[in-house]
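A.B. asks:
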Amino acid sequence: MTTSTVLAAAGSVSTGEAVTFWILAPLALIGGIGMVAARNAVHSALWLVLTMLCLGVFYVLQAGPFIGMVQIIVYTGAIMMLFLFVLMLVGRDSTDSLIETLRGQRVAAIVLGLGFAGLVGTGLYQALDRTSTAGLEQVNAEGNVQGIARLLFTKYVFAFELTSALLITAAVGAMVLAHVERRKQDKIDQVSTMKARFAPGNYPGPKPGPGVFATSSSVATPARLPDGRLTDRSTPAILPQRELTAEETSLKGTDK
Amino acid sequence: MSPIYLAQDPTLADFGRDPWWLVLGKIVFAFAFGLLATLLGVWFERRVVGYMQVRPGPNQVGPFGLLQTLADGLKMAFKEDILPKAADKVVYFFAPTISVICAVTALSVVPFGPMVSIFGHHTPLQVTDVPVAVLLLLACSSMGVYGIVLGGWASGSTYPLLGGLRSSAQMISYEVAMGLSIVAVFMTAGTMSTSGIVAAQGDGTQLTVFGQTIPAPGWYAILLLPSFIIFFIATVGETNRAPFDLPEAESELVAGFMTEYSSLKFALFMLSEYVAMVTMSAVTTTLFLGGWRAPWPITIWEGANSGWWPMLWFFGKVIALVFVFVWLRGTLPRLRYDQFMRLGWKVLLPINLVWILVLSGLRSIEDWDTRGKVIAVGIPAGILLLATIFWPSRRPKPKPTTQEQVDNRPHGSFPLPPMDLQVPPSPRITRVVAEREPANIVAGSDSREV
């Protein structure tokens, strides 16, 4: 059908495919190792992008152009970009510290990782050993995209819908947890602010400044109202309120 | 025309058969097209914006100022290449190249014309085509974000970082709207290859007006108008052009992600922006405006859609779209960031989804008989009509008048002055005016010592 299909047809590996593979396979591996080894989180993400791009090209090479492009658009273009988005907000200087907080964590991680890889490998081998291969010509008979669409909306429609339901649940859950919506009656507009200000019992004017009509300019000195009373509205709540004594307000002898 | 031109529309089978020198030639042509489009595009934009703002624009270097961009580019190459101390050096270096590579790669699947004969080889005027060519375009634009985001992050400075973050959010949002509007094209054309989409737009229905047969254009811009409009808006957002140039909003973020860049790296960012604009125009032309196919009055001439002529029509359409880009920039003010996001997610996306639903519904009842069609269209239309009529009115209750509000105040409220209070003129005003000394300005009063 196209070059890519021709490339992978008939089970033989053409020169172009081999060259592409041997250039990109080491790059993909370097990307994987770099992702684990990089200290900086953003560098880690970039190495992963490299690996994902190589994988995308591999899919195209294996006569699956649709899945290759989707790999690049969705994983590299959207998901990794969101990762980067978060990592950048974390700050560029936050490199991983190399101190093991759990003793032997690194060794355990390596051993467990190898074990998991072996498990997945054998599982795949066991599962795929018994399946019969149909061949690319048969699978891509009506076109790669059409073939995937047919499978996705007939045989695997339940799994497909289940996955989308899972994703939507996750998205809605994240929104519910993170989004704080103020109720409509909690929002105070200008009119109700004014009404509250002029409501009975509330003094609408500005608070008197400290020390006004008082004998001192200290912020701790309450202002004296026109009728001679002291008002505590003029002093901050955390300050002890006090009236200066006559000795304190008398001349200090510095004005001679 | 020789009989070999009978098969004008290239199919996927026509690709991948060229000798190596032809492939190389096509690649070089596409690349040169991108570079040349940048050189002329910057000049074009400055001249057109100048015309719109009633000033001449660049007109000194070369005829009509055509070489202005070249001169600017040369100047830029000789400027100092500044590497900020806080920059992440490797990423800082690679970011502009990623931008340029992604912008140029997208040109490889754009069909410039039909099958032509080059030195005896019968080949389509297109670098390559794959069954998922349009997805390749999407992939290129989504990878192009990396250039901007990494450039912003690697600069190690605040404004570029903010610009990079803005751009990543912006481009991801608008890619969704863009991808959805292409879905309608896929559904109508039945293919994702660019040459196939151009071919599918070739045959429109024939209209007979006053005894003359006019082929109605099969352009998807007309058949799928909502998709076209949304796609073009998303394109403007995707290329960071005004009025959606928030990543480089100069009034807020200096120059956004490219604040710290200088010399050739800055030139690369410039280049990628203009190549992206031209590429997106070419893609819009291909997907919605019939690609290289000539519009109706030209198609009266039999040879309009064969040989090398279609390239002319293609360039004409691309230039027209680039003009629209420039026109938008010259006309519209920049959106605020939240308005812009609201437009993308709350307007473009829902409209797109509903439109796709309607389109797929219409396509699935295409083969039914008339009665079935009437029922299938009538029932949803009726429900929609009833819903519009009986939808509870969202008009808010009329506000109480000021007098009513005053009357309804609780007992003991702060006293208000009467609403119809007439403030008498102050008796002091006339006196002040009368007592003011007449201004006595004499020449040389400034030199008096104060």
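The listed protein sequences correspond, in order, to chains Y and U.
Sequential numbering of the first sequence, starting at 1, is according to the UniProt record's numbering.
Sequential numbering of the second sequence, starting at 1, is according to the UniProt record's numbering.
We put the CB at the ideal spot given by N, CA and C, even for glycine.
Treat the numbers as computed from the prediction; the structure is a model and nothing was measured.
(1) Indicate whether at least one CB of chain U lies closer than 8 Å to the CB of Ala78 (chain Y).
(2) Strictly below 8 Å CB to CB, what residues from chain U border Gly143 (chain Y)?
(3) Residues in the same chain with beta-carbon distance under 6 Å from Met35 (chain Y), minus the five sequence neighbours each way, listed in chain order, please.
(4) Going along the chain, which residues of its own chain have a beta-carbon closer than 7 Å to the beta-carbon of Ala9 (chain Y), five neighbours each way excluded?
(5) Whose C-alpha, out of U:Ala87, U:Leu384, U:Leu357, U:Tyr274, is nearest the C-alpha of Val100 (chain U)?
(6) Nearest chain Y C-beta to Val149 (chain U) closer than 8 Å, yes or no?
(7) Which residues bound the alpha helix (DSSP H) around Val406 (chain U)?
(8) Which residues mark the beginning and the end of the beta strand (DSSP E) in which Pro124 (chain U) is found?
(9) Based on Cα-Cα distance, which residue from U:Gln170, U:Ser181, U:Asp338, U:Pro424 lies nearest to Leu232 (chain U)?
(10) Going along the chain, which unbroken runs of the alpha helix (DSSP H) with 4 or more residues stay wholly within the segment 360-411 of chain U?
(11) Using the rule of at least 16 other Cβ atoms within 10 Å of the residue's Cβ for burial, across every protein chain shown, is Ser132 (chain Y) buried or exposed?
(12) Ends of the beta strand (DSSP E) at Met280 (chain U)?
(13) Just to confirm before moving on: does the CB-CB distance between Val110 (chain U) and Gln126 (chain U) stay below 8 Å?
(14) Do you know how far the Cα of Lys399 (chain U) is from the Cα of Leu416 (chain U)?
(15) Spatial neighbours of Ser141 (chain U) within its chain, please: CB distance less than 6 Å, with the 5 preceding and 5 following residues excluded, ordered by chain position.
(16) Please confirm whether Gly163 (chain U) and Leu253 (chain U) have their CB atoms less than 8 Å apart.
(17) Along the chain, where does the alpha helix (DSSP H) containing Ser192 (chain Y) start, and where does it finish?
(18) Indicate whether the contact test is met: 3 or more Cβ pairs, each with one atom in the segment 341-356 of chain U and one in the segment 168-175 of chain U, closer than 8 Å.
(19) Output yes if chain Y places a C-beta closer than 8 Å to the C-beta of Ile172 (chain U); else output no.
(20) Entirely within the segment 37-67 of chain Y and at least 4 residues each: give me those alpha helix (DSSP H) ranges in chain order.
(21) Name the chain Y residues that come within less than 7 Å of Ala139 (chain U), Cβ to Cβ?
(22) Use the C-beta contact count for Ala174 (chain Y): other C-beta atoms within 10 angstroms, 16 or more gives buried, fewer gives exposed.
(23) Are the CB atoms of Trp153 (chain U) and Val90 (chain Y) within a distance shorter than 8 Å?
(24) Alpha carbon to alpha carbon, how far is Thr401 (chain U) from Leu135 (chain U)? Give it in angstroms, no decimals.
(25) Rounded to the nearest angstrom, what separates Leu56 (chain Y) and Ala106 (chain U) at their Cα positions?
(26) So, does the CB of Pro65 (chain Y) fall closer than 8 Å to a CB anywhere in chain U?
(27) In its own chain, which residues sit with a C-beta less than 6 Å from the C-beta of Ala77 (chain U), not counting the 5 before and 5 after it?
(28) Is Ser2 (chain U) close to chain Y? Criterion is C-beta to C-beta, closer than 8 Å.
(29) Considering just the uninterrupted stretch of the beta strand (DSSP E) at Met115 (chain U), what are its terminal residues?
(30) How far does the alpha helix (DSSP H) with Glu137 (chain Y) in it reach, from first residue to last?
(31) Pairing CB atoms from the segment 181-197 of chain U with CB atoms from the segment 354-363 of chain U, are three or more of them under 8 Å?
(32) In terms of DSSP beta bridges, what is Arg241 (chain U) paired with?
(33) Please report how far the alpha carbon of Thr51 (chain Y) lies from the alpha carbon of Asp367 (chain U), in whole angstroms.
(34) Going by C-alpha distance, which of U:Gly156, U:Ala221, U:Gly144 is nearest Ala86 (chain U)?
(35) Would Ala133 (chain U) pass as a contact of Ser193 (chain U) if the rule is Cβ separation under 8 Å?
(36) Over the uninterrupted alpha helix (DSSP H) stretch that includes Gln339 (chain U), give me the two end residues.
C.D. replies: In short:
(1) yes
(2) Those within 8 Å of Gly143 (chain Y) in chain U are Pro131.
(3) Ser44, Trp47, Leu48
(4) Confidence in Ala9 (chain Y) is poor, its pLDDT being 47 and thus under 50, which makes the residue's placement unreliable; the coordinate value appears in the next sentence. Correct list, in chain order: Leu136, Glu137.
(5) That would be U:Tyr274, whose Cα lies nearest to the Cα of Val100 (chain U).
(6) By this cut-off, Val149 (chain U) is an interface position.
(7) In the DSSP annotation of this structure, the continuous segment of the alpha helix (DSSP H) that includes Val406 (chain U) starts and ends at 402-407.
(8) 121-125
(9) The question names Leu, yet the displayed sequence has Phe at residue 232 (chain U). When each option's Cα is compared against that of Phe232 (chain U), the closest is U:Ser181.
(10) Whole alpha helix (DSSP H) segments, 4+ residues: 370-390, 402-407.
(11) exposed
(12) Here Met280 (chain U) belongs to no beta strand (DSSP E); instead the alpha helix (DSSP H) covers 263-288.
(13) Against a cut-off of 8 Å, the Cβ pair of Gln126 (chain U) and Val110 (chain U) comes out as a contact.
(14) 20 Å
(15) Answer for Ser141 (chain U): Glu238, listed in chain order.
(16) yes
(17) 190-197 is the span of the alpha helix (DSSP H), which, as asked, contains Ser192 (chain Y).
(18) yes
(19) yes
(20) Runs of the alpha helix (DSSP H) inside the segment 37-67 of chain Y: 41-61.
(21) Met69, Ile72, Ile73, Gly77
(22) exposed
(23) no
(24) 59 Å
(25) Here the sequence assigns Gly to residue 56 (chain Y), which means Leu is not the residue at that position. If I take the Cα positions, the gap works out to 16 Å.
(26) yes
(27) Leu264
(28) At Ser2 (chain U), the pLDDT of 37 sits below 50, so the modelled position is not reliable and the matter cannot be decided from this model.
(29) 113-118
(30) 136-139
(31) Touching, yes, given that three or more Cβ pairs across the two stretches are closer than 8 Å.
(32) Note: Arg241 (chain U) sits in no beta bridge, so no partner.
(33) 47 Å
(34) With distances taken between Cα atoms, Ala86 (chain U) lies closest to U:Gly156.
(35) yes
(36) 337-342
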